[in-house]
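Take the sequence shown: its letters are residues 3 to 245, numbered as in my numbering.
By construction, the Cβ of each residue, glycine as well, lies at the ideal position given by its N, Cα and C atoms.
Comments concern the structure below.
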Amino acid sequence: MDASCNNQSHRDELSSENEVLAKKAQLAVFDFDGTSIEGNSPVMLVSYLARKRMLRKRVVFKIMLWGLRYKLRLPQDESWVRGQVFSAFEGKPVRDVDAFLSRFYEEVVAHRFRPDATEAMVRHAREGMDVVVVSASFEPIILRAMEDHPFQFQISTRMRKTPDGTYTREVEGLPVEGDEKLAAVTRFANERYGKGNWVIAHAYGDHHSDRTVLKAAVVPHAVDPDRPLLRTARKLGWDVLDW
(Lines of atoms letter the chains of each structure in order from A and count residues from 1; the text may use other names and numbers.)
(Lines give C-alpha, C1' and ligand atoms only; values in the text may rest on other atoms or scores of the structure.)
Protein backbone atom coordinates (compact mmCIF):
# COMPACT_ATOMS: atom_id res chain seq x y z
CA MET A 1 0.00 0.00 0.00
CA ASP A 2 1.49 3.39 -1.01
CA ALA A 3 1.80 6.52 1.15
CA SER A 4 -1.30 8.16 -0.31
CA CYS A 5 -3.43 5.17 0.70
CA ASN A 6 -1.95 5.22 4.22
CA ASN A 7 -2.68 8.95 4.55
CA GLN A 8 -6.26 8.46 3.36
CA SER A 9 -6.74 5.60 5.81
CA HIS A 10 -5.45 7.77 8.66
CA ARG A 11 -7.78 10.62 7.66
CA ASP A 12 -10.71 8.21 7.54
CA GLU A 13 -9.87 6.94 11.04
CA LEU A 14 -9.68 10.50 12.39
CA SER A 15 -12.96 11.40 10.69
CA SER A 16 -14.66 8.34 12.17
CA GLU A 17 -13.27 9.12 15.63
CA ASN A 18 -14.45 12.74 15.39
CA GLU A 19 -17.93 11.59 14.39
CA VAL A 20 -18.10 9.32 17.44
CA LEU A 21 -16.93 12.14 19.73
CA ALA A 22 -19.42 14.57 18.20
CA LYS A 23 -22.29 12.26 19.18
CA LYS A 24 -21.27 12.34 22.84
CA ALA A 25 -22.03 15.01 25.42
CA GLN A 26 -19.12 17.44 25.42
CA LEU A 27 -17.86 18.71 28.78
CA ALA A 28 -15.62 21.70 29.45
CA VAL A 29 -14.20 21.17 32.93
CA PHE A 30 -12.66 24.03 34.93
CA ASP A 31 -10.74 23.94 38.17
CA PHE A 32 -11.71 26.83 40.47
CA ASP A 33 -8.85 27.93 42.74
CA GLY A 34 -5.87 29.28 40.83
CA THR A 35 -7.59 28.66 37.51
CA SER A 36 -11.02 30.30 37.38
CA ILE A 37 -10.01 32.68 40.16
CA GLU A 38 -6.72 34.22 41.16
CA GLY A 39 -5.71 32.70 44.48
CA ASN A 40 -7.04 29.96 46.73
CA SER A 41 -10.47 30.40 48.31
CA PRO A 42 -9.98 27.98 51.26
CA VAL A 43 -6.78 29.83 52.22
CA MET A 44 -8.65 33.13 51.96
CA LEU A 45 -11.42 31.68 54.10
CA VAL A 46 -9.01 30.68 56.86
CA SER A 47 -7.61 34.21 56.92
CA TYR A 48 -11.15 35.64 56.90
CA LEU A 49 -12.24 33.44 59.81
CA ALA A 50 -9.07 34.22 61.75
CA ARG A 51 -9.64 37.98 61.40
CA LYS A 52 -13.17 37.50 62.72
CA ARG A 53 -11.80 35.33 65.56
CA MET A 54 -13.98 32.43 64.50
CA LEU A 55 -11.06 29.99 64.57
CA ARG A 56 -8.93 29.28 67.62
CA LYS A 57 -5.28 30.25 67.33
CA ARG A 58 -4.14 26.67 67.79
CA VAL A 59 -6.46 25.58 64.96
CA VAL A 60 -5.03 28.26 62.68
CA PHE A 61 -1.53 27.09 63.63
CA LYS A 62 -2.40 23.49 62.78
CA ILE A 63 -3.80 24.57 59.42
CA MET A 64 -0.64 26.58 58.71
CA LEU A 65 1.53 23.53 59.45
CA TRP A 66 -0.67 21.47 57.14
CA GLY A 67 -0.22 24.10 54.43
CA LEU A 68 3.54 23.97 54.80
CA ARG A 69 3.56 20.21 54.41
CA TYR A 70 1.27 20.56 51.40
CA LYS A 71 3.71 22.96 49.74
CA LEU A 72 6.49 20.44 50.37
CA ARG A 73 4.29 17.82 48.62
CA LEU A 74 4.23 15.58 51.67
CA PRO A 75 1.28 13.20 52.19
CA GLN A 76 -1.69 15.00 53.68
CA ASP A 77 -5.15 14.22 55.04
CA GLU A 78 -7.38 16.42 52.88
CA SER A 79 -10.48 15.66 54.93
CA TRP A 80 -8.76 16.53 58.21
CA VAL A 81 -7.82 20.07 57.21
CA ARG A 82 -11.32 20.80 55.93
CA GLY A 83 -12.67 19.59 59.25
CA GLN A 84 -10.37 22.03 61.01
CA VAL A 85 -11.67 24.91 58.90
CA PHE A 86 -15.28 23.87 59.46
CA SER A 87 -14.78 23.72 63.21
CA ALA A 88 -15.85 27.38 62.95
CA PHE A 89 -19.28 26.23 61.76
CA GLU A 90 -19.81 22.98 63.66
CA GLY A 91 -23.32 22.79 65.12
CA LYS A 92 -24.51 25.93 63.33
CA PRO A 93 -27.58 25.98 61.07
CA VAL A 94 -26.84 25.15 57.44
CA ARG A 95 -28.80 28.17 56.24
CA ASP A 96 -26.75 30.57 58.36
CA VAL A 97 -23.41 29.05 57.37
CA ASP A 98 -24.29 29.03 53.68
CA ALA A 99 -25.29 32.69 53.92
CA PHE A 100 -22.01 33.49 55.69
CA LEU A 101 -19.97 31.72 52.98
CA SER A 102 -21.97 33.53 50.32
CA ARG A 103 -21.03 36.86 51.89
CA PHE A 104 -17.43 35.72 52.13
CA TYR A 105 -17.46 35.01 48.39
CA GLU A 106 -18.95 38.41 47.61
CA GLU A 107 -16.49 40.32 49.82
CA VAL A 108 -13.27 38.42 49.18
CA VAL A 109 -13.45 36.13 46.15
CA ALA A 110 -15.82 37.63 43.58
CA HIS A 111 -13.42 40.30 42.26
CA ARG A 112 -10.77 37.61 41.73
CA PHE A 113 -12.75 35.72 39.09
CA ARG A 114 -10.63 35.85 35.95
CA PRO A 115 -12.15 37.47 32.84
CA ASP A 116 -10.30 34.92 30.68
CA ALA A 117 -12.03 32.11 32.56
CA THR A 118 -15.41 33.73 32.01
CA GLU A 119 -14.64 34.20 28.31
CA ALA A 120 -13.60 30.55 27.91
CA MET A 121 -16.74 29.36 29.70
CA VAL A 122 -18.97 31.49 27.48
CA ARG A 123 -17.19 30.27 24.35
CA HIS A 124 -17.54 26.59 25.25
CA ALA A 125 -21.19 27.04 26.20
CA ARG A 126 -21.84 28.62 22.80
CA GLU A 127 -20.14 25.62 21.21
CA GLY A 128 -22.76 23.42 22.84
CA MET A 129 -20.67 22.11 25.71
CA ASP A 130 -21.75 21.68 29.30
CA VAL A 131 -19.46 23.80 31.47
CA VAL A 132 -18.54 22.18 34.79
CA VAL A 133 -16.48 23.61 37.64
CA VAL A 134 -14.81 20.94 39.75
CA SER A 135 -13.25 22.19 42.97
CA ALA A 136 -11.72 21.22 46.28
CA SER A 137 -13.32 24.33 47.76
CA PHE A 138 -16.49 24.26 49.83
CA GLU A 139 -19.76 23.81 47.97
CA PRO A 140 -21.59 26.97 49.19
CA ILE A 141 -18.75 29.11 47.82
CA ILE A 142 -18.90 27.48 44.39
CA LEU A 143 -22.70 27.62 44.30
CA ARG A 144 -22.52 31.36 44.97
CA ALA A 145 -19.98 31.79 42.17
CA MET A 146 -22.28 29.88 39.82
CA GLU A 147 -24.94 32.57 40.27
CA ASP A 148 -22.67 35.15 38.61
CA HIS A 149 -20.69 33.12 36.10
CA PRO A 150 -21.47 30.97 33.03
CA PHE A 151 -21.03 27.43 34.29
CA GLN A 152 -24.05 25.17 34.47
CA PHE A 153 -22.77 22.52 36.87
CA GLN A 154 -20.44 22.30 39.83
CA ILE A 155 -18.80 19.49 41.75
CA SER A 156 -17.14 20.57 44.99
CA THR A 157 -16.35 19.52 48.54
CA ARG A 158 -19.51 19.01 50.55
CA MET A 159 -19.57 18.97 54.34
CA ARG A 160 -21.82 16.56 56.21
CA LYS A 161 -25.07 17.85 57.71
CA THR A 162 -26.99 16.48 60.66
CA PRO A 163 -30.69 15.51 60.48
CA ASP A 164 -31.56 18.64 62.49
CA GLY A 165 -30.08 20.90 59.77
CA THR A 166 -26.72 21.85 61.23
CA TYR A 167 -23.21 21.34 59.91
CA THR A 168 -20.67 18.88 61.23
CA ARG A 169 -16.93 19.16 60.65
CA GLU A 170 -16.87 15.97 58.55
CA VAL A 171 -16.52 15.81 54.78
CA GLU A 172 -19.30 13.99 52.98
CA GLY A 173 -17.47 11.42 50.89
CA LEU A 174 -14.06 12.72 49.83
CA PRO A 175 -12.72 16.22 49.20
CA VAL A 176 -12.78 16.94 45.47
CA GLU A 177 -9.01 17.13 45.22
CA GLY A 178 -6.40 15.50 42.97
CA ASP A 179 -7.48 12.19 41.46
CA GLU A 180 -10.89 12.56 43.09
CA LYS A 181 -11.69 15.37 40.65
CA LEU A 182 -11.77 12.97 37.71
CA ALA A 183 -13.57 10.34 39.77
CA ALA A 184 -16.22 12.89 40.75
CA VAL A 185 -16.64 14.14 37.17
CA THR A 186 -16.96 10.53 36.00
CA ARG A 187 -19.71 9.77 38.53
CA PHE A 188 -21.54 12.97 37.65
CA ALA A 189 -21.33 12.42 33.89
CA ASN A 190 -22.22 8.72 34.00
CA GLU A 191 -25.34 9.56 35.99
CA ARG A 192 -26.34 12.48 33.79
CA TYR A 193 -25.46 11.22 30.30
CA GLY A 194 -24.93 7.48 30.71
CA LYS A 195 -21.68 5.56 30.75
CA GLY A 196 -19.78 6.00 27.49
CA ASN A 197 -22.02 8.84 26.30
CA TRP A 198 -19.81 11.76 27.28
CA VAL A 199 -16.30 13.09 26.86
CA ILE A 200 -14.20 15.79 28.53
CA ALA A 201 -13.55 17.95 25.49
CA HIS A 202 -11.58 20.64 27.34
CA ALA A 203 -10.11 20.77 30.83
CA TYR A 204 -8.43 23.67 32.60
CA GLY A 205 -6.18 23.45 35.67
CA ASP A 206 -3.26 25.23 37.32
CA HIS A 207 -1.81 22.76 39.80
CA HIS A 208 0.09 19.50 39.41
CA SER A 209 -2.74 17.79 41.31
CA ASP A 210 -4.97 18.61 38.30
CA ARG A 211 -2.93 16.38 35.99
CA THR A 212 -5.31 13.43 36.23
CA VAL A 213 -8.34 15.34 34.98
CA LEU A 214 -6.25 17.20 32.38
CA LYS A 215 -4.91 13.93 30.97
CA ALA A 216 -8.49 12.71 30.54
CA ALA A 217 -9.39 15.67 28.29
CA VAL A 218 -9.25 15.78 24.51
CA VAL A 219 -7.71 19.24 24.83
CA PRO A 220 -5.97 19.98 28.16
CA HIS A 221 -5.12 23.55 29.16
CA ALA A 222 -2.53 24.38 31.84
CA VAL A 223 -3.44 27.81 33.25
CA ASP A 224 -0.58 29.72 34.91
CA PRO A 225 0.74 26.28 35.89
CA ASP A 226 3.01 25.51 38.81
CA ARG A 227 6.42 24.11 37.90
CA PRO A 228 5.52 20.39 37.98
CA LEU A 229 2.44 20.96 35.83
CA LEU A 230 4.40 23.18 33.44
CA ARG A 231 6.94 20.40 32.96
CA THR A 232 4.14 17.95 32.21
CA ALA A 233 2.44 20.37 29.83
CA ARG A 234 5.64 20.97 27.88
CA LYS A 235 6.47 17.27 27.75
CA LEU A 236 3.00 16.31 26.47
CA GLY A 237 2.44 19.34 24.26
CA TRP A 238 -0.49 20.73 26.22
CA ASP A 239 -1.82 24.24 25.75
CA VAL A 240 -0.25 26.64 28.30
CA LEU A 241 -2.31 29.75 29.07
CA ASP A 242 -1.36 32.98 30.81
CA TRP A 243 -4.52 34.27 32.48
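Using 8 angstroms as the Cβ pair cut-off and three pairs as the minimum, do the segment 149-162 and the segment 52-59 touch? no
Going by the DSSP bridge assignment, what does G239 pair with across the sheet? For G239, which the question treats as bridged, DSSP gives no partner whatsoever.
Is the beta carbon of V201 less than 8 angstroms from the beta carbon of K26? yes
Classify M123: buried if its beta carbon has 16 or more other beta carbons within 10 angstroms, exposed otherwise. buried
For P230, I'd like the list of residues in its chain whose CB is within less than 7 angstroms of its CB, leaving aside the five on either flank, ordered along the chain. Cβ neighbours of P230 beyond the five flanking positions: H210.
Is DSSP giving Q28 helix, strand or coil here? strand
Can you tell me the Cα-Cα spacing of L67 and E80, whole angstroms? 13 angstroms
For the alpha helix (DSSP H) containing T170, list its first residue and its last residue. Unbroken run through T170 is the beta strand (DSSP E), Y169 to V173; no alpha helix (DSSP H).
Mind checking which residues open and close the beta strand (DSSP E) that includes I144? Here I144 belongs to no beta strand (DSSP E); instead the alpha helix (DSSP H) covers E141 to D150.
Who are the Cβ neighbours of T188 in its own chain at under 6 angstroms, not counting the five residues just before and after it? none
Distance, K73 Cα to V221 Cα: 28 angstroms
Spatial neighbours of F32 within its chain, please: CB distance less than 6 angstroms, with the 5 preceding and 5 following residues excluded, ordered by chain position. S38, V135 and Y206
Strand pairing of H223, partner residues [DSSP]: Y206 and D241
Distance check for W245 and A235, CA to CA, integer angstroms please. 16 angstroms
Which class does S211 belong to by DSSP, given the choice of helix, strand or coil? helix
Within 10 angstroms of its Cβ, does R162 collect 16 or more other Cβ (buried), or is it exposed? Answer is exposed; the Cβ neighbour count stays below 16.
Does DSSP put D166 in a helix, a strand or coil? In this structure, DSSP gives D166 a state outside helix and strand, which the three-state scheme calls coil.
C-alpha gap between L216 and V99, whole angstroms: 33 angstroms
For A186 and F91, the rounded distance between their alpha carbons: Cα to Cα, the separation comes out at about 25 angstroms.
Restricting to Cα atoms, I'd like to know which of R71, G41 and G93 is closest to Y169. Considering only R71, G41 and G93, the residue with the shortest C-alpha distance to Y169 is G93.
Does the ligand ATP have even one heavy atom less than 7 angstroms from the beta-carbon of V62? As for the ligand ATP, it is missing from this structure, which has no ligand bound.
Closest to E129 by C-alpha separation, out of A30, L243 and K237, would be which residue? A30
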